[in-house]
Each structure stands twice: as C-alpha cells, then as structure tokens.
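Okay, so here's the structure we're looking at.
2 protein chains.
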Amino acid sequence: MNNFTFHNPTKIIFGKDTHLEIGAELKAYGIKKALLLYGTGSIKRSGLYDSTVKSLRDAGIEFVEFDGVVSNPVISHTREAVKVAKDAHVDAVLSVGGGSVLDEAKAVAAAALVDHDVWDFFTGTAMSQSLPIFSILTLAATGSEMNGNSVITNDATEQKFSFTSSFSYPKISILNPELTFSVDPAYTAYGSVDAIAHVIEGYFTQSSGALIQDRLTENIIKSVIESTDIIMKKPDDYDARAQMMWSATMALNGMPVIGLKDVSFPNHMIEHALSAIYNIAHGAGLSIVIPAWMQWYKEQKPERFKRFAQEVFGLENEMDGINALKDWFRTIGSPVSLSEVNIPAEDIPKIVANASEMAKMWGLGTLYTQSEITKILQLAI
Amino acid sequence: MNNFTFHNPTKIIFGKDTHLEIGAELKAYGIKKALLLYGTGSIKRSGLYDSTVKSLRDAGIEFVEFDGVVSNPVISHTREAVKVAKDAHVDAVLSVGGGSVLDEAKAVAAAALVDHDVWDFFTGTAMSQSLPIFSILTLAATGSEMNGNSVITNDATEQKFSFTSSFSYPKISILNPELTFSVDPAYTAYGSVDAIAHVIEGYFTQSSGALIQDRLTENIIKSVIESTDIIMKKPDDYDARAQMMWSATMALNGMPVIGLKDVSFPNHMIEHALSAIYNIAHGAGLSIVIPAWMQWYKEQKPERFKRFAQEVFGLENEMDGINALKDWFRTIGSPVSLSEVNIPAEDIPKIVANASEMAKMWGLGTLYTQSEITKILQLAI
Chain U
1 MNNFTFHNPT
11 KIIFGKDTHL
21 EIGAELKAYG
31 IKKALLLYGT
41 GSIKRSGLYD
51 STVKSLRDAG
61 IEFVEFDGVV
71 SNPVISHTRE
81 AVKVAKDAHV
91 DAVLSVGGGS
101 VLDEAKAVAA
111 AALVDHDVWD
121 FFTGTAMSQS
131 LPIFSILTLA
141 ATGSEMNGNS
151 VITNDATEQK
161 FSFTSSFSYP
171 KISILNPELT
181 FSVDPAYTAY
191 GSVDAIAHVI
201 EGYFTQSSGA
211 LIQDRLTENI
221 IKSVIESTDI
231 IMKKPDDYDA
241 RAQMMWSATM
251 ALNGMPVIGL
261 KDVSFPNHMI
271 EHALSAIYNI
281 AHGAGLSIVI
291 PAWMQWYKEQ
301 KPERFKRFAQ
311 EVFGLENEMD
321 GINALKDWFR
331 TIGSPVSLSE
341 VNIPAEDIPK
351 IVANASEMAK
361 MWGLGTLYTQ
371 SEITKILQLA
381 I
Chain R
1 MNNFTFHNPT
11 KIIFGKDTHL
21 EIGAELKAYG
31 IKKALLLYGT
41 GSIKRSGLYD
51 STVKSLRDAG
61 IEFVEFDGVV
71 SNPVISHTRE
81 AVKVAKDAHV
91 DAVLSVGGGS
101 VLDEAKAVAA
111 AALVDHDVWD
121 FFTGTAMSQS
131 LPIFSILTLA
141 ATGSEMNGNS
151 VITNDATEQK
161 FSFTSSFSYP
171 KISILNPELT
181 FSVDPAYTAY
191 GSVDAIAHVI
201 EGYFTQSSGA
211 LIQDRLTENI
221 IKSVIESTDI
231 IMKKPDDYDA
241 RAQMMWSATM
251 ALNGMPVIGL
261 KDVSFPNHMI
271 EHALSAIYNI
281 AHGAGLSIVI
291 PAWMQWYKEQ
301 KPERFKRFAQ
311 EVFGLENEMD
321 GINALKDWFR
331 TIGSPVSLSE
341 VNIPAEDIPK
351 IVANASEMAK
361 MWGLGTLYTQ
371 SEITKILQLA
381 I
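Chains as they are written, first to last, in this note's numbering: chain U, 1 to 381; chain R, 1 to 381.
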C-alpha cells in the first residue's frame, strides 16, 4: 500500500426531505448572502427551486441567483457567474443541480476571491482560498458533491480541463434520492456509467494489490449495476435511487483510491476530448471509450481483467468481463461506439490531437502516444 | 436506506515514516503547547517516544507529558491527566499509543475546558467544545483514530461507559503500519477481533437491506482475516499490517453503518461488562461473546446468517459461518469461552447484572432482558 493522506471534510446530509434543511444549514454556518446557481430550468419544473427559495427566505438568507449552467459547463458562462458573485458580494455559493452546476460553483467560489481569470485555475494557477460551497444534488453521477474537483470546458479553445483543490470540498452536500426520480433514463444511464468509470480506472491502472480497495471498487460497480437495473424498470424506487446516489458519491470521494500506486485516468482523458469537441454527455463518451480501452489494455494486466470478470460478473475470462460491461452499457441505453453518436472514423486524428495534449498535461504522454490513442479509438468505431 | 448525516473531518496521514511529521503538523495547526499522553512504556522501548519528542522540539512545540494509560483506561487516571492538562494550560492533546490512550485523550481534551468531573461526559452531560486532539497510532484495533467515540472504565463502580461527540474526532491521525510490527500476537489478535466486532454488529442487527453496506462489511471482515493470517506468520509484513490498520479504521469510521436502520451493539454491551469486571482485553472478551451471541441470534435472521457464511467464508449454512468465525478466533489465539479466561459459570449473574444496566442505557432493555443475556452467556461457558 502506498503512503496516502485522506481528508474529506464534506458533511453529507442524505435522505428524504433533506433538501428542506438548506436554509437552516446555511444559517448555522453563518452565511448571510449566497449565490444561488442552477441549470436550465429543471429545478423550476420540479418545484425544487421554489422549496429552496422558501427555505433560504425562512432562514433569513439573502441570495442572488444565476441560472443557465449547461451540461459540460463552459468557461464563458462561469465568467459571467463570477461577475454576479463579485458584484453582489456573496459569502457563499449554493449549487442546486447536478455535477455540472457543482463544478461551475466550485470555480466561481474560488474566482470570486481573486482578480485573475477563473480559467487560470484550470491551467495550473494555485488556489489559496474559496468561498464556502453548499450543494443540493439532483443527479447521481459525478461525485463532485464530496470532493474538491471541478471540470469545465473552455468553449473558445475546445479544452475540457479540471482542477482539484482542498479548498473546493463542499461544506455541506444535501443528497435526497427523491430528487433523482425525475431524471430521464438516458441521464440516469450516463450517471451510472460515470460512477463506474470513476472506480474502474484506478482498479485497472494501479499496481498496489490491496484487496480491501479491490473489493470496495467491485462493490461500487456491482451496486451501481444492480440499482440501475431496478431504476430502469422503476424510476421512483427509493432504495435503488438511494443506493445509486451513495455509490456515485463513494466512487469519487477518495476512498476507492486510498493507498493505490500508479493510478491514472486515461478513459477520462480521452472522453474529455470527445465531449470538448462534440459536447456529448460525459457518461455517453465514457461508455464508448471504456470497452475499447479495456480491450486495448487487457494484455498488460491479464490477472486483473480475469478478477474483474469473476468478481463483478461471475464470468471466467478477461474478455468475458469486458463484453459483459459493454453489453450492460448497451442494455441501459448508453452508446458503445463512435458511430452511434455520429462521430465518423475520419475525425479520429482530431480527437487524438486533443487527447494527446491532455496526456502531456496529465503526465501520461509516455504510454498514451498519438499512435496508441489512435489504436484505442479505432476499437471504438 | 435510512436518512443519515455523515461528517468525518479527521485527516488521516498514513504510511511509512509518517510519525516523523507530527511536530510539523501540530505547528501547521497553530498548536503551541500539547499534553503528550501515552501508556506504560512500549513507546519508550520502541524509540517512538524519542522520535516524537524530537519532532515536537524541532517544530518548536512545547509539551508536558503524562504516562501510564492502561489498556481498558480508567477514570481515576483520566482525572489525573485532566489536572495535568489544566495546570499546564495546554492547547492540544497528543495521544501516542493505541485506542486506550486515544480514548483517554478524548476525555481529557473535553474535560480540560470544563469545571465538572470528566466522568459526567460518560453519564450523559453534553459536550460543547474540546481541545484539538492529535494521534500517532500504535495498534490497529479500536478505530478511535477516525471517530468521536471514547470508552472509559470507572474503576470505582466497575462501569465501562462511552460517549460519542462531534467535537472528539481527532484533527489529525497518523497511521504508520510499521509501528504495529512489534505488537505481540495476542494483542494483534484482539485488535483483529475488535475490528470485526465493529462491523459485524451492524451487519446482523440492521434491517435495511442496502447491499453496498453489506458488501463493505464483508470486505472489511475478509480483509481483516486475510491480513491477520499473514501477520501471524510474518509480523513485519508491511502490506498485511497496512491492510489490517486501514481495515480497522474503516470498520468504525461511520462508513459501514451509513443508512442502516435499527443498528445496535449487543456484543459490545455484554463485553463491556466482562472487561469492566475482569479487566480482560476488549478483543478477548468480544471473541468469547460474539459466537455465543450469533448462535443465540441466528433464528431471528436466518437469511442474513446464510449470506454471512457464503460471502465471508464460502460456506453454505448459517451455523457453518458461525463455526468458521469461532474457529478462526481460536486459530489466531483469541479465547472463545469464559472458561478459557477463568471466569466461572457461577459468575454469570454478576455479569448479567452489569450488562443489563447498560442494556437500559443503550435502549436495548426490551430485547436484552436479564434472562436473554443469561442465555447468551451460557452459550459461552
């Protein structure tokens, strides 16, 4: 096991009706005025907007609001949100929505306290403080509710970049599985793919051999699969939505990678190129990349792929596990090839060029050369 | 899944040589003067005392020291430690040792700031603040390094009581598996029993049916068993000690009981009576109580005991799992009967009376009547 530091100070409030506590929680924290950040209207249709506003008002919390955060949030919109936060002198950012809103909230919370452009945080400028971040989550997927990560796309340059900071852990994340009942099957599926992707990368790339971490990852993958299967038949099954929501949080709260050596995120790297260029859903991009990458990578870790097949699917051989996962992605309606999302094979060089730039930034350039990324993408045509 | 709040702000620093960072960590936290609390001398023999003192001095941290914390720490000694802390006006408590030292440290850290007796915290007086607590752990067992629990025995009244407070989470816990190389086989075994006990109670008593939590518990039990088996043959196997240490932390950091309904700790309740009266090691008491309790309880949850047998030991039936666990306790040298620790059957009424008092305090009096506790203890003769 590698040396590690684990420090995850986010307070999770989980369960039915918990979103009604948001005003009281901000008040208890000493917040006077928040930026209420949200997306493109689903929280208005669901009534969550109204109950949030009521909860804030009942607690005497002032707020300004800014909406329009899109899936794969963009830096141009983030810059506008930073301006709103600065002009209103807010002392907190409240994200009401999924991982995209939360990722933008983290960027805004940090940028509200500095003079430089918010994009600088994504290209390496260090962070030394942040406004406190609060969240009501509406989608089980990214794990952003219990970590310090933010991913934003620069819409001008087609770069999908990220930062990780100890200052960006939400202070309080409210997770009410009922708020995910209305998520449509496609986004439910993409969320499940995303959660699996968050643990599967460490599981295969690491070289540590700590069985407690292997089993935690297998547990999360199995929990995502079994709960998603129930949700697809019965979208308002509370226990399935709850298990899915907690599994997605666990997948990227730092626990599954504790003590692992040599973890890398090549699937996210390649997918970021896809969604930066084509603006496809992150989960959809991942379900295309993962089976191809697994097939390309399996010769390097045959025992690990065998364990995956056996422990997750009860199957015998390396390729059985890969096929079972690919079939499952297909079953829940997430694409498993570039052609399904109308990306032509001729575009591969363009994707490779983008991913290759990230490979260098992420320190993966030696293994993920342009020719190797090309091979992976060709398996995904 | 039940509604839950999860908030575990302890920072874990884990791995080789990490204990050398203690001075720098206290300094970074702003500590000027600490109470250095430790046990009965093992840290002097191992050199950990010297390296800790050097690390504190190098960082310019003043300290007063107080030693002599015993396994099953007692309130009389705790009171003396509180006096030392108050007289020296320390602004932190540093525990260097196992769970016993840490439990006493938590009590001292809270009591140093109040005028009333420290025992009051164990009989229901609420806590509203605490000095910050830091820890260098030398034993993988109690999980106290990443939770807000403290267990102390009142040596005058033979009561082993506990408190849980959000103020008592250590700010920083340093876990270096190398520091456990010298733990003797008996205490290694008791630690392993304790870690298993922490998850097994929730696993059997809960009524929730969240598979992600079931698997996490099974994972921890399997990880404890496999790492302990290696340690018994090779006490300085780093990876085995590391997996054991992290498994014990995970077992009682709140994760395994997330969202579980109706969890109770009857084995701990009965064991606390045993170690309060006879001062036997907590793990030794647990390995006596657990198999007896399982046998007594199995009719109430046959499917759960079947799952346990299958998932943990690959066996078929309820009783197979119970026997396998009992055999394993025996294999690692932890007692599985009262007679092995020279407690005669005639003492059962005395133990029952003590446990029964706790049953009322813990809200378990309806199920755990004197006659039912007697039945359990009779299965342990």
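For glycine and all other residues, C-beta sits at the position ideal for the given N, C-alpha and C.
Exposed unless 16 or more other CB atoms sit within 10 angstroms - verdict on residue i
i: His282 (chain R); result: buried
i: Ala345 (chain U); result: exposed
i: Ser76 (chain R); result: exposed
i: His89 (chain R); result: exposed
i: Ala126 (chain U); result: exposed
i: Glu318 (chain R); result: buried
i: Ile381 (chain U); result: exposed
i: Glu62 (chain R); result: exposed
i: Gln159 (chain R); result: buried
i: Asn8 (chain U); result: buried
i: Ser166 (chain R); result: exposed
i: Glu316 (chain U); result: exposed
i: Lys384 (chain U); result: The structure shown does not extend to residue 384 (chain U), since chain U is modelled only from 1 through 381, so no value can be given for it.
i: Glu80 (chain R); result: exposed
i: Thr217 (chain U); result: buried
i: Ser95 (chain U); result: buried
i: Ser207 (chain U); result: exposed
i: His198 (chain R); result: buried
i: Ser128 (chain R); result: exposed
i: Lys326 (chain R); result: buried
i: Thr366 (chain R); result: exposed
i: Gly314 (chain R); result: exposed
i: Thr164 (chain U); result: exposed
i: Thr123 (chain U); result: exposed
Whether residue i touches residue j by CB criterion (8 Å)
i: Phe181 (chain U); j: Asn3 (chain R); result: no
i: Ala92 (chain U); j: Phe121 (chain U); result: no
i: Asp17 (chain U); j: Asn176 (chain U); result: yes
i: Lys222 (chain U); j: Val336 (chain U); result: no
i: Val84 (chain U); j: Val64 (chain U); result: yes
i: Gly202 (chain R); j: Pro132 (chain R); result: no
i: Glu271 (chain R); j: Leu252 (chain R); result: no
i: Val352 (chain R); j: Ile280 (chain R); result: no
i: Gln243 (chain R); j: Met1 (chain U); result: yes
i: Val82 (chain U); j: Val118 (chain U); result: yes
i: Ala141 (chain R); j: Ala195 (chain R); result: yes
Whole-angstrom C-beta distance between residue j and residue i, which should lie under 8 Å
i: Val108 (chain U); j: Thr78 (chain U); result: 6 Å
i: Ala276 (chain U); j: Leu377 (chain U); result: About 15 Å; that fails the 8 Å criterion.
i: Gly191 (chain U); j: Ala240 (chain U); result: Incorrect: roughly 13 Å between the Cβ atoms, too far for contact.
i: Ile22 (chain R); j: Met146 (chain R); result: Actually they are not in contact, since the Cβ atoms of Ile22 (chain R) and Met146 (chain R) sit about 17 Å apart, beyond 8 Å.
i: Ala189 (chain U); j: Ser334 (chain U); result: 5 Å
i: Ala273 (chain R); j: Asn354 (chain R); result: 4 Å
i: Ile348 (chain R); j: Thr374 (chain R); result: 6 Å
i: Leu179 (chain U); j: His19 (chain U); result: 6 Å
i: Asn267 (chain R); j: Thr153 (chain R); result: Actually they are not in contact, since the Cβ atoms of Asn267 (chain R) and Thr153 (chain R) sit about 17 Å apart, beyond 8 Å.
i: Ile43 (chain R); j: Gly99 (chain R); result: Not quite, the Cβ-Cβ distance comes to about 14 Å (not below 8 Å), so this is no contact.
i: Tyr169 (chain U); j: Thr10 (chain U); result: 5 Å
i: Glu387 (chain U); j: Leu37 (chain U); result: Lying outside 1 to 381, the shown extent of chain U, residue 387 (chain U) is not represented and no answer is given.
i: Lys171 (chain R); j: Tyr29 (chain R); result: 6 Å
i: Val288 (chain R); j: Ile200 (chain R); result: According to the sequence as given, residue 288 (chain R) is Ile; it is not Val. 14 Å between Cβ atoms; not a contact.
i: Asp155 (chain R); j: Val74 (chain R); result: 4 Å
i: Leu364 (chain U); j: Met269 (chain U); result: 6 Å
Within-8 Å CB hit, residue i to chain A
i: Phe66 (chain U); result: Note that chain A does not occur in the displayed structure, where the protein chains are U and R.
Count the C-beta pairs between the segment 318 to 325 of chain R and the segment 298 to 309 of chain R that are closer than 8 Å, then say yes if the count reaches three, no if not.
yes
Counting Cβ pairs, one atom from each stretch, are 3 or more of them under 8 Å apart for the segment 305 to 313 of chain U and the segment 256 to 268 of chain U?
no
Contact the segment 210 to 230 of chain R vs the segment 223 to 237 of chain U: 3+ CB pairs below 8 Å:
yes
So within the segment 66 to 111 of chain U, which uninterrupted beta strand (DSSP E) runs reach at least 3 residues, ignoring any that extend past its ends?
92 to 97
Ordered list of beta strand (DSSP E) runs contained in the segment 195 to 264 of chain R, each at least 3 residues
none
Could you tell me which uninterrupted alpha helix (DSSP H) segments, each at least 4 residues in length, are contained entirely in the segment 305 to 353 of chain R, listed from first to last along the chain?
318 to 331
Quick check for students: name the residue ranges of the beta strand (DSSP E) that lie wholly in the segment 124 to 202 of chain R, counting only runs of 3 or more.
133 to 137, 149 to 154, 159 to 164, 172 to 175
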